[in-house]
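Residue numbers (our numbering): 1 to 100.
Step one of this worksheet: look at the structure below.
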Amino acid sequence: MEACYTMRNGRLDAEIKAAPGAARNAVLGVKNGRLRVRIAAPAEDGKANEELRRFLAKTLGCPRGEVILVRGEKSRLKTVSLPAACREKFEEIAHSPKPG
């Protein structure tokens, strides 16, 4: 099972490759050490970043304010900090992707 996160300072730092402009949000699994996520928002004016935060919060069952973009504001390669309590659910979605 390929890891795509590290635990640091009581939080889960997830490495993500985002694909904005998709028809719908979807988790595609882990490849090259990153969780691949399709985002149903354009990559303009931070819309895709906000949709990524909203989608991860909803999928993991945590408040959107707890999903923090650490790196990659203008890149497809991102690091997102999540509450440690999301670890089990994060591992579940990362390794059981749903086709989108």
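Beta carbons: idealized from backbone N, C-alpha and C, even for Gly.
The continuous alpha helix (DSSP H) containing A94 extends over residues R87 to H95.
Inter-residue distance for C62 and R11 is about 13 Å (C-alpha atoms, whole angstroms). In terms of Cα proximity to L77, the closest of R24, A43 and A23 is A43.
The continuous beta strand (DSSP E) containing K78 extends over residues L77 to P83.
With respect to the 9 Å criterion, T59 and I93 are classified as neighbours on the basis of their beta carbons.
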